[in-house]
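In the numbering used here, the protein residues as written are 10 to 281. Written out below as structure tokens is the structure these notes cover.
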Amino acid sequence: MTPLHKLGRWIGEHLVLALGVLVLVYMFVPIGIVALMSFNDPESRNVYRFDGFTLNNWLNPCDPAGMCSSVVRSVEIALLATIVATIIGTLAAFALVRHRFAGRGGLNTLIILPMAAPEIVLGSSLLALFVSAGFGGQLGFWTIFVAHVTFCLSFVIITVRARLSGLDDNLEQAAMDLYATENQTFWRVTFPLVFPGILGAALLSFSLSFDDFIITNLNAGQTVTFPMYVWGAAQRGIPMQVNVIGTAMFLVAVLIVLGNELARRRQSKVAA
């Protein structure tokens, strides 16, 4: 085999890996810049560049007035929306997968529409609904909550439904053959198998809710969430503490993923 053929073979074997690494680098470079800027001591808030190293941003994350309160408000809304959307979405996913009823096919199509529709369309539609229902002067925390539950539902249903569709029915039938009741079968067999999908849907809902700006901005009234605070602060110069919050949220997400992976490996070793 000639050196040229060897080179071509080596490239063919490592091309997918190289492309994967490039994609990961492309994805993580912006996150790295945010983490770097969280230690920045800028000479001016109007110029976004690294001027000097400081720990002051991490020691005083709430220095800009109103930022921490907006973060707390975003977390509160995201948690409530995640809980409600996960419960309703999980029940809906079970109904769609396990039962046959009139209009089931049409309902599957309607579920996708909030995901496919542009956020500006969904947000303005919800605003029109709130105004027509007489809540135009009461826009705030609860209208944001309802709006977030609305668009999170689709993601929960589709995620849990995918997990349920791949579930082997023989496992439940085997449990019932061993004299387990329907209740026992659900909580000891079905629910543990579906739980990773439910957890994934909940984490996705939380991140979507916490991060949303367009729908929130249209239905917020005088309530200010963290994305809205960042947008408003950008008009005057972004404070470096914004990067601290972003980095902290990323680290929390990484810890959750690592914790879940470690727990899975520990269970696999115990089972083995």
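For every residue, glycine included, the Cβ atom is placed at its ideal position computed from N, Cα and C. Here the structure is a predicted model, which is why all the values come from computation and not from measurement.
{"Check": "So if DSSP puts N269 in a beta bridge, which residue, or which two residues, is it bridged to?", "Outcome": "DSSP output for N269 lists no bridge partner at all."}
{"Check": "Under the DSSP definition of a beta bridge, which residues are partnered with F62?", "Outcome": "N49"}
{"Check": "From which residue to which residue does the alpha helix (DSSP H) around D177 run?", "Outcome": "Here D177 belongs to no alpha helix (DSSP H), and DSSP marks it neither H nor E."}
{"Check": "From F259, D220, H23, pick the residue whose C-alpha is nearest to that of V4; which is it?", "Outcome": "Since the displayed the chain opens at 10 and closes at 281, residue 4 lies outside it and no answer follows."}
{"Check": "Three-state secondary structure (DSSP) at L28?", "Outcome": "helix"}
{"Check": "Using the Cα positions of V34 and A27, report the straight-line distance between them to the nearest angstrom.", "Outcome": "11 Å"}
{"Check": "From Q250, T11, F103, pick the residue whose C-alpha is nearest to that of P51; which is it?", "Outcome": "Q250"}
{"Check": "Would you report the Cα separation of S134 and L45, rounded to the nearest angstrom?", "Outcome": "39 Å"}
{"Check": "Between G29, T95, S47, T234, which has its C-alpha nearest F259's C-alpha?", "Outcome": "S47"}
{"Check": "Quick one: Cα of L180 to Cα of E191, how far?", "Outcome": "13 Å"}
{"Check": "Buried or exposed: G114, going by 16 or more other Cβ atoms within 10 Å of its Cβ?", "Outcome": "exposed"}
{"Check": "Contact check, G246 vs R109 under 8 Å by CB: the rounded distance?", "Outcome": "The Cβ separation is near 58 Å, so there is no contact."}
{"Check": "Give the straight-line distance between the Cα atoms of V106 and T159, rounded to the nearest whole angstrom.", "Outcome": "21 Å"}
{"Check": "Which residues mark the beginning and the end of the alpha helix (DSSP H) in which M124 is found?", "Outcome": "113-125"}
{"Check": "Counting Cβ pairs, one atom from each stretch, are 3 or more of them under 8 Å apart for the region 126-146 and the region 206-217?", "Outcome": "no"}
{"Check": "Can you tell me where the alpha helix (DSSP H) holding I86 begins and where it ends?", "Outcome": "76-107"}
{"Check": "By DSSP, does N192 sit in helix, in strand, or in coil?", "Outcome": "helix"}
{"Check": "What's the C-alpha gap between A101 and Q182?", "Outcome": "22 Å"}
{"Check": "Compute the beta-carbon to beta-carbon distance between N228 and I153, rounded to the nearest angstrom, for a pair I have assumed lies under 8 Å.", "Outcome": "6 Å"}
{"Check": "So is the beta-carbon of R170 under 8 Å away from any non-hydrogen atom of the ligand NAD?", "Outcome": "No copy of the ligand NAD appears in this structure; indeed no ligand is present at all."}
{"Check": "Just the Cα atoms here: how many angstroms apart are E22 and K15?", "Outcome": "11 Å"}
{"Check": "Do you know how far the Cα of R273 is from the Cα of V279?", "Outcome": "10 Å"}
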